[in-house]
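**Student:** Take a look at the following structure, please.
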Ligand code: TXA
Ligand code: MG
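Residue numbers (the working numbering): 1 to 319.
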C-alpha cells in the first residue's frame, strides 16, 4: 500500500491538488457517495488519463462535478424542471443528465458522443472545497477499475490503483456509500437511470411528476454505463440467502445468528446504514476468498431499491 500518496484535506493539500489538476494530472477525492477519480473536465489529455487508469471503455461517459448549481448553466441547458430539481437536491447525491451546451468547453471524451452531460454538485466538504478552489468543472467517475466495486475509503482507492495515482485526498469513509442517483430530464419528463440515495418517491414528492425508469437489466445497455455486470467482487455472489452454506461468506442484514465469516450491513435493519456499509463489507468479504458471498434479503423499498440494484449487478455473470 502506498500510504505516502494519501493526503488529509489541508490548505496545502488543496493547493497541490489544484496545481495537479491544472497541469493535467488526475487526483482522487472523496464525495458523500463514493471516492472519485478527478481530472480537469476541459482538458482532453487529462480526461483520457481517467479512462486509461480505469481501463474504462470510451463509450461510457463521465459525470461532471461543479461547486454550485449556479455554474450548471455554463455547460447544460436548464429548464424550470431541472432548476427545481437542482434547488431540491443540490448539493447532494444527485446527478442530472441534461442537454449539452455546444461549445461550452467540456472535453468531447466526457460525453462519449452524446448530446447530453451528466452533472452533479456534491455536498461533501472536501469535494466542495476542491471544486471551489479549482474553480472549473471536474470530471470524475468512481475511483475503481472499470467493473469493480466502487471505493468508499481512500484505502480502497489505493487498493485499486496502487502507484498509478499520485494523489488521493483522504477525508475518511464516505457518508452515503453508494453512487449518486442519476436522473435524465427531457423537457417535462424525469427518467431514472440509476437508483441511489435520492429515491424516485422523493423526486415525485418534490416535483409532482411521475418518474419514469430506464434502468437496464440486460447485457446491452440502453444508456452507456448501464452494464449488467458491475460493482463486482471476484467472489461469486448469491442473493436472498437466509442460511449461508459452508464455505460461504455471509453479508447479513438485520438480526443474525451467523458469526463466522459474517459481516452485518445493519443489525437494526436500517437501509441507510446498510448502504453506507455495502461496498466496504463486500470488499472485506471478497478478501476472504471463500466459495461465494451469500447475501441476506434486503427489502425492495426506499433506499433498498438502490442497494438491490448494486447487489444484482454484483451477482450478474461477468461479460
Ligand atoms: O456518486 C457518483 O455519482 C460518483 C461520484 C464520484 O460522483 N460517480 C460515479 O461515476 O458513480 P461513474 O462514472 O462511476 O458512473 C456514472 C454513470 C455511468 O454509468 C455513466 O454511463 C453514466 O453515469 N452517465 C454519464 N453521462 C451520461 C449521459 N450523458 N447519459 C447517460 N448516462 C450517463
Ligand atoms: Mg463507477
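Glycine included, every Cβ here is placed at the ideal spot set by N, Cα and C.
Once you ignore the five residues that flank residue 18 on each side, which residues in its own chain have a CB closer than 6 Å to its CB?
**Tutor:** 133 and 134
**Student:** When DSSP labels each residue in this structure, what does residue 289 get in the three-state scheme?
**Tutor:** Assignment of residue 289 by DSSP, reduced to helix, strand and coil, places it in the coil class.
**Student:** Do you know how far the Cα of residue 182 is from the Cα of residue 69?
**Tutor:** 16 Å
**Student:** Can you name the start and end residues of the alpha helix (DSSP H) that residue 209 belongs to?
**Tutor:** Residue 209: not part of any alpha helix (DSSP H); DSSP gives it neither H nor E.
**Student:** Of all the options 108, 175 and 169, which has the alpha carbon lying nearest to the alpha carbon of residue 20?
**Tutor:** 169
**Student:** Grab me the residues of residue 38's own chain with a C-beta within less than 6 Å of its C-beta, minus the 5 sequence neighbours each way, in chain order.
**Tutor:** 27, 29, 138 and 140
**Student:** At a cut-off of 7 Å, is residue 95 close to ligand 1 when judged by its beta-carbon and the heavy atoms of the ligand?
**Tutor:** yes
**Student:** What is the rounded straight-line gap between the Cα of residue 94 and the Cα of residue 198?
**Tutor:** 7 Å
**Student:** Thinking just about the alpha-carbon of each residue, which of 258, 235, 234 and 231 is nearest to the one in residue 243?
**Tutor:** 258
**Student:** Excluding the 5 residues flanking residue 234 on each side, which residues of the same chain have their C-beta closer than 7 Å to its C-beta?
**Tutor:** 286
**Student:** Would you call residue 5 buried or exposed, if buried means 16 or more other Cβ atoms sit within 10 Å of its Cβ?
**Tutor:** buried
**Student:** Would the C-beta of residue 141 count as close to ligand 2, meaning under 7 Å from any of its heavy atoms?
**Tutor:** yes
**Student:** Residue 304 lies in the beta strand (DSSP E); which residues open and close that run?
**Tutor:** Run containing residue 304: none in the beta strand (DSSP E); it sits in the alpha helix (DSSP H), 304-315.
**Student:** First and last residue of the alpha helix (DSSP H) that includes residue 49?
**Tutor:** 44-54
**Student:** So if DSSP puts residue 184 in a beta bridge, which residue, or which two residues, is it bridged to?
**Tutor:** 97 and 191
**Student:** Suppose the cutoff is 6 Å on Cβ atoms and the five residues either side in sequence are ignored; what does the same chain contact list for residue 62 look like?
**Tutor:** Cβ within range, chain order: 110, 139 and 141.
**Student:** Do you know how far the Cα of residue 77 is from the Cα of residue 193?
**Tutor:** 19 Å
**Student:** Look at the Cβ atom of residue 271, then the Cβ atom of residue 281, and state whether they are nearer than 8 Å.
**Tutor:** Against a cut-off of 8 Å, the Cβ pair of residue 281 and residue 271 comes out as no contact.
**Student:** Hey, out of 167, 177, 161 and 42, whose CA is closest to residue 13's CA?
**Tutor:** Selected option, being the one with the closest Cα: 167.
**Student:** Please confirm whether any heavy atom of ligand 1 lies closer than 7 Å to the CB of residue 122.
**Tutor:** For residue 122, the distance from the CB to the nearest heavy atom of ligand 1 is below 7 Å.
**Student:** Go to residue 379, then tell me how far its alpha helix (DSSP H) extends in each direction, as first and last residue.
**Tutor:** The structure shown does not extend to residue 379, since the chain spans only 1 to 319, so no value can be given for it.
**Student:** Please check the pair residue 106 and residue 75, which I expect to be a contact at CB under 8 Å, by giving their CB distance rounded to whole angstroms.
**Tutor:** 6 Å
**Student:** Helix, strand or coil for residue 238, going by three-state DSSP, please let me know.
**Tutor:** strand
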